[in-house]
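Peer 1:
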DNA sequence: CGATAATATATCAGTTTGATATATTTGTCA
DNA sequence: TGACAAATATATCAAACTGATATATTATCG
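Protein chains in written order, with the working numbering: chain A, 1 to 182; chain H, 183 to 364.
(1) Starting from the beta carbon of residue 274 of chain H, find every residue of chain A whose beta carbon is closer than 8 Å, and list them in chain order.
(2) Return yes when the Cβ of residue 95 of chain A is within less than 8 Å of the Cβ of residue 117 of chain A, no when it is not.
(3) Classify residue 141 of chain A: buried if its beta carbon has 16 or more other beta carbons within 10 angstroms, exposed otherwise.
(4) Any beta-carbon of chain H closer than 8 Å to the one on residue 87 of chain A?
(5) As a quick exercise: from H:216, H:357, H:280, H:222, pick the residue whose alpha carbon is nearest that of residue 341 of chain H.
(6) Within this structure, are the beta carbons of residue 161 of chain A and residue 239 of chain H separated by less than 8 Å?
(7) Quick check on residue 226 of chain A - is its C-beta less than 8 Å from some C-beta in chain H?
(8) Touching or not, the stretch 218-228 of chain H and the stretch 80-99 of chain A, by the rule of three or more beta carbon pairs under 8 Å?
(9) Does residue 254 of chain H have its Cβ less than 8 Å from a Cβ in chain A?
(10) When the cut-off is 8 Å and only beta carbons count, does residue 151 of chain A lie next to chain H?
(11) Is it the case that the stretch 186-202 of chain H contacts the stretch 226-235 of chain H, given that we only count it when at least three CB pairs across the two stretches are under 8 Å?
(12) Would you report the Cα separation of residue 89 of chain A and residue 152 of chain A, rounded to the nearest angstrom?
(13) Leaving out the 5 sequence neighbours to the left and right, which residues in its chain are closer than 6 Å to residue 77 of chain A when beta-carbon positions are compared?
(14) By the criterion of Cβ-Cβ separation under 8 Å, what are the contact partners of residue 178 of chain A in chain H?
(15) Indicate the three-state DSSP secondary structure (helix, strand or coil) for residue 82 of chain A in the structure shown.
(16) Provide the residue span of the alpha helix (DSSP H) that contains residue 229 of chain H, from first to last.
(17) To the nearest angstrom, how far is the alpha carbon of residue 1 of chain A from that of residue 86 of chain A?
(18) Go ahead and pull the three-state DSSP assignment for residue 238 of chain H.
(19) Beta-carbon within less than 7 Å of residue 81 of chain A's beta-carbon, same chain only, minus the 5 sequence neighbours each way: which residues are those?
(20) The beta strand (DSSP E) that contains residue 255 of chain H, what's its start and end?
(21) Which residue's Cα is closest to the Cα of residue 265 of chain H: H:337, H:339, H:198?
(22) Which value, in whole angstroms, describes the spacing of the CA atoms of residue 182 of chain A and residue 349 of chain H?
(23) Which residues, in chain order, does the stretch 316-332 of chain H contribute to contact with chain A at a C-beta distance below 8 Å?
(24) I'd like the span of the beta strand (DSSP E) that includes residue 279 of chain H, first residue to last.
(25) Please tell me whether residue 21 of chain A and residue 72 of chain A are closer than 8 Å, where the distance is taken between their beta carbons.
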């Protein structure tokens, strides 16, 4: 059995949709996958080399005008490897919320400090939510255009649901903290 | 400026509430902090030694009946260090949802597979939600007993809100996937 | 009284991040 | 047209952290 690196599956998953360069993979991470996964260049590039070495992906030179460009594709073996992983139940779903962490220790710094953390969180969520709602709308309208759209929509809908819950919580939380101050 | 390790702040935060052993810190991580943070023994024990070395925590031997036991406390310097960090706005709030990842690539494996991932997710959330609701109830009833209770409640309420949103999403998602199958 | 679970500390290989370095091309404003 | 910033693209590395494992003692329960 090969070594189980999450990054391998994420990359293979993206390559199963389309051929991509390492840079483009990073862009997908920072946009489409942003709301439930992340990865850095430091893991992407070594993983790509490793996948090629293991025969799970192939590499071709796509240089245009002299710009360095390495395009990666998934191989049949890679598809098999990905499909096997997709069948195993997911184990690790985890959050890493620095905002919540600072709130948990909030008594050290007081209610005003806590409220300012919540405000910052709320602003970020409110700023991102319209984009998620827009993406959901677009996907819903083009659900039959591509096989992948339904599954994209699933994850975007998750984002919308949770973001709305976050915003409700922000109001509740500030009310709870405000009570003490009066 | 000292090195910015998240684990240092988490440990100092816990020690600001009460004196703890490394083992007890791990227990707090796996219960109270579980819903928004995590840490392993492999980071806790080295961090504790490091914190003592830097004068941010102190160590005393609390062995009873011969059982090995090292009890850690936060120092005044440690409290200052923690308070400074609590004032800085949180930057990194991130999810790592393997369930969502497998769903995002779901077209490879099909709707039935996707639904089984959602079912497993839903079962886990439904199993944990009553505990969260119970904890929120207890905290609400004892909100004035301890300064920390209000802040604990804040994070538990976050858990309840998001878990309920997850469950709503599960139903929606399965409906969306079911439509194709008909 | 024997087995299993809980308490407790510790280490380490392997994974990943976050930062940084380097170079080219494209867009934009004047 | 020339200058500057932004985007494209690959690569590396120290430091952080996980997940697994090792070791030992004490508590619990039938």
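Cβ coordinates follow ideal geometry from the N, Cα and C atoms, glycine included. Everything numeric in this text was worked out from a predicted model, so none of it was measured.
Peer 2: So, to answer that:
(1) On the second chain, position 92 is the one that residue 274 of chain H refers to. Ordered by position in chain A, the residues that pass the 8 Å Cβ test against residue 274 of chain H are 96, 98.
(2) Taking the first chain and counting its residues from 1, the one referred to as residue 117 of chain A is at position 117. Taking the first chain and counting its residues from 1, the one referred to as residue 95 of chain A is at position 95. No, Cβ-Cβ distance for residue 117 of chain A and residue 95 of chain A is not below 8 Å.
(3) Translated into the one-based positions of the first chain, residue 141 of chain A becomes position 141. That one is exposed.
(4) On the first chain, position 87 is the one that residue 87 of chain A refers to. Chain H contact via Cβ: present.
(5) For the purposes of this step, residue 341 of chain H is taken as the residue at position 159 of the second chain. Minimum Cα distance to residue 341 of chain H is reached at H:216.
(6) Here residue 161 of chain A corresponds to residue number 161 of the first chain, with the count starting at 1. Here residue 239 of chain H corresponds to residue number 57 of the second chain, with the count starting at 1. In this structure, residue 239 of chain H does not lie closer than 8 Å to residue 161 of chain A by Cβ.
(7) Since the displayed chain A opens at 1 and closes at 182, residue 226 of chain A lies outside it and no answer follows.
(8) yes
(9) Position 72 of the second chain, counted from the first residue, corresponds to residue 254 of chain H. Judged by the 8 Å Cβ criterion, residue 254 of chain H is not in contact with chain A.
(10) Locating residue 151 of chain A in the first chain gives position 151, where the first residue counts as 1. Interface residue, yes.
(11) yes
(12) On the first chain, residue 89 of chain A is found 89 positions in, with the first residue counted as 1. On the first chain, residue 152 of chain A is found 152 positions in, with the first residue counted as 1. Roughly 19 Å separates the two Cα atoms.
(13) For this step, residue 77 of chain A is matched to residue 77 along the first chain. For residue 77 of chain A, where only same-chain residues beyond five positions count, the Cβ hits under 6 Å are 55, 56.
(14) For the purposes of this step, residue 178 of chain A is identified with residue 178 of the first chain, where counting begins at 1. None at all; the shortest Cβ gap to chain H is about 11 Å.
(15) By 1-based counting over the first chain, the position of residue 82 of chain A is 82. Correct three-state label for residue 82 of chain A: helix.
(16) As a working note, residue 229 of chain H is residue 47 in the second chain. Per DSSP, residue 229 of chain H belongs to the alpha helix (DSSP H) from 223-235.
(17) Looking up residue 1 of chain A in the first chain gives position 1. Looking up residue 86 of chain A in the first chain gives position 86. Because the pLDDT at residue 1 of chain A is just 40, under 50, the model does not fix this residue reliably, and the value given afterwards should be weighed accordingly. For residue 1 of chain A and residue 86 of chain A, the distance between alpha carbons rounds to 16 Å.
(18) Residue 238 of chain H sits at position 56 when you count from the first residue of the second chain. Reduced to three states, the DSSP call for residue 238 of chain H is coil.
(19) The residue given as residue 81 of chain A occupies position 81 in the first chain. Around residue 81 of chain A: 12, 56.
(20) Looking up residue 255 of chain H in the second chain gives position 73. Taken as a continuous stretch (DSSP letters only), the beta strand (DSSP E) holding residue 255 of chain H covers 252-256.
(21) For the purposes of this step, residue 265 of chain H is taken as the residue at position 83 of the second chain. Cα-wise, what sits closest to residue 265 of chain H is H:198.
(22) The residue you call residue 182 of chain A lines up with position 182 of the first chain. The residue you call residue 349 of chain H lines up with position 167 of the second chain. At residue 182 of chain A, the pLDDT of 43 sits below 50, so the modelled position is not reliable; the number obtained from the coordinates is stated separately. If you take the alpha carbons of residue 182 of chain A and residue 349 of chain H, they lie about 36 Å apart.
(23) Cβ contacts with chain A: 329, 330, 332.
(24) The sequence position of residue 279 of chain H within the second chain is 97, counting from 1. Taken as a continuous stretch (DSSP letters only), the beta strand (DSSP E) holding residue 279 of chain H covers 275-279.
(25) As a first step, residue 21 of chain A must be located in the first chain, where it is residue number 21. As a first step, residue 72 of chain A must be located in the first chain, where it is residue number 72. Yes, they are a contact pair.
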